[in-house]
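Q: 10 is the number of the first residue of the sequence shown in full-length UniProt numbering; add one for each residue after it. Below is one structure. I have some questions about it.
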Amino acid sequence: THFGYEQVPVHEKRARVAGVFTSVARRYDLMNDLMSLGIHRLWKRFVIDLAGVRPGERVLDVAGGTGDLVREFARAVGPQGLAVLSDINAMMLGEGRRRLLDRGIVGVPLVQADAEKLPFAEGSFDCITIGFGLRNVTDKDAALRSMRACLKPGGRLLVLEFSKPLNSALSKVYDEYSFKVLPLMGRLVANDEASYRYLAESIRMHPDQATLKRMMEEAGLARVQVYNLTGGIVAVHRGFRL
Ligand code: SAM
């Protein structure tokens, strides 16, 4: 295509995703701050507020990486509740554990799991989140179905993910940024241009707002609402298991 994107076969995608996150685990948070100019913190804050987690609830953060979301959920659920961090990558979970302990947060179980086949009983959680994770999952429909199954009836799923800028001027600036600036930053900061090129490409391949909404509905989620952030660069989709 016009970005020089080469289609990655499905079986290679899994290995590539694993490689990217193993190679970036230690620098992951620094890179997030640099690449998003710190704005990812605001996007996460929005999800935390919209999730509206209450004391005593059970919350699961899927593809939770270094634990930015679960940290807040652990506070919100209090001693009677439960907040679980899960991710497919052991290195990312290791960083998550380290960062939770640094902040004195204990009692967050860490579960290594593929979002496509979560190892939790049907109806285990009041709230499930996946932040900047669905994009990396090979079979997104399977992941949506698996997350829905883990929700209690009435429970909510929140998906925070890159999406499609709402206007073409923003879209142009954003393309320049992600295909020129991002790989350069990747080279300078992480000595890893390829991983950050992959990142930009995976963002473009990800379903836009309307498509993801439909996918969630097809996976059995109801009352799906879309919240655009930063002009649609990022969107939060929230749906319920009824
Ligand atoms: N949620 C964190 C955040 O917002 O900072 C981490 C996001 S990070 C961009 C994406 C995470 O998805 C990585 O930690 C990666 O290991 C994880 N991941 C990739 N494929 C996955 C899968 N199939 N199931 C579960 N996690 C996966």
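Positions of the beta carbon are idealized from the N, C-alpha and C atoms, including for glycine. Computed from a predicted model, the values in this text were never measured in an experiment.
Quick one: what's got a C-beta closer than 7 Å to Ala-231's C-beta in the same chain, skipping five residues either side?
A: In the sequence shown, counting from the first residue as 1, residue 231 sits at position 222. Around Ala-231: Gly-248, Phe-249, Leu-251.
Q: Check for me: the beta strand (DSSP E) holding Lys-161 runs from which residue to which?
A: Counted from its first residue, the sequence shown places residue 161 at position 152. Unbroken beta strand (DSSP E) run through Lys-161: 160-171.
Q: Quick one: grab the DSSP three-state call for Gln-89.
A: For the purposes of this step, residue 89 is identified with residue 80 of the sequence shown, where counting begins at 1. Here Gln-89 sits in coil by DSSP.
Q: Within the present structure, is the beta-carbon of Asp-135 separated from the nearest heavy atom of the ligand SAM by less than 7 Å?
A: Numbered from 1 along the sequence shown, position 126 holds the residue referred to as residue 135. Incorrect: Asp-135 has no Cβ contact closer than 7 Å to the ligand SAM.
Q: DSSP three-state label for Arg-25, please.
A: Numbered from its first residue, the sequence shown carries residue 25 at position 16. Residue state, collapsed to three classes: helix.
Q: Cβ of Leu-153 within 7 Å of any heavy atom in the ligand SAM?
A: The residue you call residue 153 lines up with position 144 of the sequence shown. Checking the Cβ of Leu-153 against the ligand SAM gives no.
Q: Distance check for Glu-104 and Asn-98, CA to CA, integer angstroms please.
A: Residue 98 sits at position 89 when you count from the first residue of the sequence shown. Residue 104 sits at position 95 when you count from the first residue of the sequence shown. Distance between the alpha carbons of Asn-98 and Glu-104 is about 10 Å.
Q: What is the residue span of the beta strand (DSSP E) that His-49 lies within?
A: Residue numbering aside, residue 49 sits at position 40 when the sequence shown is read from its first letter. Premise fails: His-49 lies in the alpha helix (DSSP H), 49-60, not in any beta strand (DSSP E).
Q: So for Met-100, helix, strand or coil by DSSP?
A: For this step, residue 100 is matched to residue 91 along the sequence shown. The answer is helix: DSSP assigns Met-100 an H, G or I state.
Q: Cβ-heavy atom distance between Asp-123 and the ligand SAM below 7 Å?
A: Reading the sequence shown from its first residue, position 114 is the one you call residue 123. Checking every heavy atom of the ligand SAM against the Cβ of Asp-123, one is found closer than 7 Å.
Q: Any heavy atom of the ligand SAM closer than 7 Å to the beta-carbon of residue 264?
A: Residue numbering for the chain in the displayed model covers 10 to 251; residue 264 lies beyond these limits and cannot be assessed.
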